[in-house]
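Its first residue numbered 1026, the sequence shown is counted upward by one per residue in this note's numbering.
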Amino acid sequence: HFFPFALAGRYGIRGLVIDPYNELEQRRGAQTETEYVSAMLGKVKRWAQRYLVHVWLVAHPKSMEEWDGGPPTMYDISGSAHWYNKADMGLVVHRYTRVAIDAALRRRQAATGRSGGRGGKPFQIPWRENETLIKVLKARNKTSGTQGDYTLEYDKEQCRFRDPRVEPGRY
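See below:
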């Protein structure tokens, strides 16, 4: 038995975060990963609806060998397109770190065969280090939200995210 089932009945929890999803024990027997993910997401969704619990499943993207430094999509999660198809809401939280910027530059250089952009100028990356993109990829219930992007900046001194539109000029 999955212990949160008992928590909902005994303690009346209203929210459950499973982070990361791949740490759950997976007994899939003869099922493919796609079949397993579909069945598991269906069970979690039915349980959440039955007990009126909001469930956040945190799943990280699969291998990023061909990564271009940009944000992943829900189709980049190992297991299948069911992560997108069965979700009521899909969010991506993507930090633009030095690793992401370097990956983007490598990918662009490999694609063009040059170390710079047009006319030998350096490639322009459309984001800055320490920016964090909150991307709403799916919102089935429009009263819960809408698709779109929201950018935050990470303030290392304060150890917090801030909205650059509300608190401009720190970076």
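Idealized CB from N, CA, C, for every residue including glycine.
- In this structure, the straight-line span from the alpha carbon of Y1076 to that of K1181 is close to 39 Å.
- Short of 8 Å from the beta carbon of Y1109, and not among the five residues preceding or following it, lie these beta carbons of its own chain, in chain order: T1098, M1099, Y1100, G1115, L1162 and K1163.
- D1113 and R1165 do touch by the CB rule: their CB atoms are close to 5 Å apart, below 8 Å.
- With respect to D1044, V1083 sits close: the two C-beta atoms are nearer than 8 Å.
- The C-beta separation of G1094 from A1125 comes to about 4 Å, placing the pair in contact by the 8 Å criterion.
- A distance below 8 Å between beta-carbons, with the five flanking residues on each side excluded, links I1102 to the following residues of its chain, in chain order: A1084, H1085, P1086, K1087 and W1108.
- Using a 10 angstroms sphere on the CB of Y1121, the tally of other CB atoms reaches 16 or more, which defines it as buried.
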